[in-house]
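Notes follow the structure.
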Amino acid sequence: MEIKVDGSPKIAIIGTGYVGLSTALILAKQGCGVYCTDVDRQKVDSLEKGISPVYEPGFEELLQDMKQAGRLHPTTDIQGAIAASSISFICVGTPSKEDSSIDLSYIVNAANMIGKALANKDGYHLVVVKSTVVPTTTKKLVLPELEKASGKKAGKDFGVSMNPEFLREGSALQDAQEPDRIVIGEMDEGAGAVLAKLYEQYDCPVLHTDLDTAEMIKYTSNSFLATKISFANEIGNICEGFGIDVYEVMKGVGLDSRISPQFLRAGAGWGGSCFPKDVMALVAAARENGTDPILLSKVLEQNQVQPLRLIDLATKALGDLAGKRIAVLGLAFKPDTDDVRHTRALPLIRGLLDKGVMVSAYDPKASENFKLLLDEEERSIIIFTNTALDALDGAEACIIQTEWQEFRDFSPKDLVSAMARPVVVDGRRTLDPVRFINGGVKYLGIGWKND
Ligand code: UDX
Ligand code: UDX
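Basically this note's numbering = 1-based index in the sequence shown + 91.
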């Protein structure tokens with residue numbers, strides 16, 4: 092599996108999920124030779140065929156280009172990939188355990204595999220932890236495991252760095268190419284210097300920290316952003332009671348440069364692979380360390396109940412929901428992805444089923460992944476449709492859970508002609524309320540002046 096690059100380093104990616112693949116594609120694009128390794132043979136086979144295992148704008152085109160350029164090589168041979176490269180990125184998953192603390196077993200496993208490969212490898216090798224891990228993991232778990240499995244000394248024979256990613260799904264390639272900042276957690280200057288060189292083309296602040304601080308920066312960023320959204324959601328709920336539009340309020344609030352307009356969109360709550368898992372992991376890790384994180388616990392609680400407000404709004408419009416047909420539009424945790432991890436559509440649809448609602452559901456990309464979250468009975472009673480109009484056909488209300496562009500493109504007439512009753516409960520301020528109200532639609536939404 093020879094990769095040919097001129098001068099640029101060769102990289103081994105350990106775990107080619109969303110984070111690993113984004114990293115691989117960007118590094119290959121900037122000229123590195125990249126081995127994409129994964130224990131999942133199906134994923135590797137798919138990459139080999141030039142098919143991205145996840146839907147993300149631009150992934151598949153870049154994957155094919157980089158394969159064609161000979162700079163990207165998918166493989167299950169982790170040892171071979173490490174032996175042939177000078178930098179390894181650990182990008183394996185860090186899921187939640189049942190008690191919501193972080194499961195670090197894949198991380199330890201990856202460190203063990205890298206250590207074994209380093210045992211037989213000459214020359215300096217940098218090991219970079221990119222997966223999100225709770226503070227002290229790199230220093231206390233990864234580094235000792237690497238030393239144990241390799242029989243070599245960190246700082247002398249190999250270096251260790253912690254380099255968090257801040258990519259958003261749906262805009263991962265753009266985020267990766269225009270970062271706000273790069274954080275390099277380093278065990279020593281030598282390790283940090285290798286990464287700084289790798290990222291030298293980026294025109295943004297580069298912050299060098301110790302390993303623990305880099306880990307904490309990632310958790311703090313995600314916890315802050317999740318808190319900011321939950322705060323907007325709470326204000327939205329309060330606004331509803333006063334008959335005030337929260338989007339107008341946040342426009343005024345976000346113009347304060349200390350606050351910024353970003354992540355103030357009130358809605359059905361936050362999902363995804365990072366915010367829920369990371370806030371839960373930080374809360375659990377804090378408790379383990381003797382600190383009770385009062386605010387973050389409440390943020391999690393707020394996010395549990397927020398999607399259920401959509402059911403309250405539907406009830407407000409239709410009365411008792413039992414036996415009524417409601418279309419749920421959008422199953423992905425956000426638009427432009429087929430990812431359904433912690434999607435707010437799941438508690439929403441389960442809540443509707445509990446009330447005896449007949450649910451029709453549509454998503455442009457995520458229906459198949461969403462079905463995997465359901466039990467057999469739930470799968471059999473929900474009607475999944477191939478188009479939004481089919482889901483709306485004959486429905487007495489529709490709830491928009493993900494603000495896909497194709498829903499933004501609806502006209503009031505589309506809803507009036509397709510639905511039994513043109514009632515919209517907008518969980519993401521997808522539609523312009525005034526335009527739809529004027530077009531004969533009954534519009535209710537999070538943080539809107541619902542009467
Ligand atoms: C995940 C987390 O969500 C994120 O917080 C963390 O920073 C990195 O991992 P993501 O890439 O979306 O991000 O995870 P996932 O799609 O689960 O991908 C992980 C990949 O690692 C999978 O393809 C899995 O097969 C692979 N893996 C897992 C290995 O190659 N080896 C292992 O031992 C375990
Ligand atoms: C997030 C972080 O933004 C990124 O830096 C980190 O690396 C991974 O986690 P991602 O989960 O891909 O990225 O999506 P993001 O755009 O942050 O949205 C997360 C959730 O918050 C979505 O469910 C989205 O609908 C919701 N959201 C976001 C809001 O409800 N309101 C907002 O204003 C912004």
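All C-beta atoms in this analysis are idealised placements derived from N, C-alpha and C, irrespective of residue type, glycine included. Only a predicted model underlies this, so the values are computations on that prediction, with no experimental measurement involved.
Per DSSP, cross-strand counterpart(s) of residue i
i           : result
residue 536 : 517
residue 416 : 449
residue 245 : 249
residue 497 : Answer is none; residue 497 lacks a bridge partner.
residue 475 : 452
residue 127 : 104 and 165
residue 350 : Partner(s): none; residue 350 has no beta bridge.
residue 277 : 252
residue 219 : 180 and 252
residue 436 : None, per the DSSP bridge assignment.
residue 490 : 419 and 516
Euclidean distance between Cα positions of residue i and residue j
i           : j           : result
residue 483 : residue 391 : 32 Å
residue 345 : residue 351 : 5 Å
residue 263 : residue 411 : 42 Å
residue 298 : residue 449 : 52 Å
residue 126 : residue 201 : 15 Å
residue 147 : residue 242 : 40 Å
residue 96  : residue 158 : 13 Å
residue 216 : residue 537 : 51 Å
residue 506 : residue 339 : 25 Å
residue 365 : residue 152 : 25 Å
residue 186 : residue 239 : 25 Å
residue 490 : residue 500 : 16 Å
residue 214 : residue 315 : 40 Å
residue 424 : residue 454 : 11 Å
residue 341 : residue 523 : 16 Å
residue 154 : residue 531 : 46 Å
residue 145 : residue 163 : 17 Å
residue 99  : residue 178 : 11 Å
residue 318 : residue 291 : 33 Å
residue 114 : residue 529 : 47 Å
residue 140 : residue 165 : 10 Å
residue 533 : residue 444 : 23 Å
residue 183 : residue 296 : 27 Å
residue 233 : residue 272 : 24 Å
residue 212 : residue 106 : 21 Å
residue 433 : residue 363 : 5 Å
residue 136 : residue 176 : 21 Å
residue 469 : residue 440 : 9 Å
7 Å CB neighbourhood of residue i in its chain, flanking five on each side removed
i           : result
residue 259 : 266
residue 451 : 416, 418, 474, 476, 482 and 486
residue 404 : 516, 535 and 541
residue 389 : none
residue 246 : 278 and 279
residue 431 : 422, 423, 424, 457, 460, 461 and 464
residue 293 : 270 and 273
residue 503 : 526, 527, 530, 531 and 532
residue 497 : 455 and 479
Sequence-distant residues of the same chain with beta carbon closer than 6 Å to residue i, five excluded per side
i           : result
residue 229 : 220, 253 and 302
residue 442 : 399 and 402
residue 250 : 217, 281 and 282
residue 512 : 487
residue 371 : 187 and 191
residue 248 : none
residue 436 : 422 and 492
residue 122 : 99
Near ligand 4: residue i beta-carbon under 7 Å from a heavy atom
i           : result
residue 254 : For the structure depicted, ligand 4 is absent and the ligand set comprises only ligand 1 and ligand 2.
Residue-chain proximity (residue i, chain D), Cβ-Cβ < 8 Å
i           : result
residue 366 : Here chain D cannot be found, since the structure has a single protein chain.
Cutoff 8 Å; reference residue i; Cβ partners in own chain excluding five residues on either side
i           : result
residue 387 : 314, 318, 370, 373, 374 and 377
* If you pair each beta-carbon of the region 297-315 with each one of the region 507-521, do three or more pairs fall below 8 Å? -> No: the two stretches stay apart, fewer than three of their Cβ pairs being nearer than 8 Å.
* Which runs of the alpha helix (DSSP H), 4 residues or longer, sit entirely within the region 155-192? -> 169-174
* Per the contact definition of three or more C-beta pairs closer than 8 Å, is the region 518-532 in contact with the region 357-367? -> yes
* **Ranges of the beta strand (DSSP E) found wholly within the region 290-329, counting only runs of at least 3** => 297-300
* Asked: Is the region 130-145 in contact with the region 205-213, if contact means three or more CB pairs nearer than 8 Å?
  -> no
* Asked: At a cut of 8 Å, does the region 280-297 reach the region 161-169 through at least three beta carbon pairs?
  -> no
* Asked: Which residue spans inside the region 361-432 form an unbroken alpha helix (DSSP H) run of at least 4?
  -> With a minimum length of 4 residues, the continuous alpha helix (DSSP H) runs that stay inside the region 361-432 are 366-379, 385-396 and 400-409.
* To do: Taking 8 Å as the threshold, find out whether the region 376-389 comes into contact with the region 329-338 through three or more Cβ pairs.
  => Judged by Cβ distances under 8 Å, the region 376-389 makes no contact with the region 329-338, as fewer than three pairs qualify.
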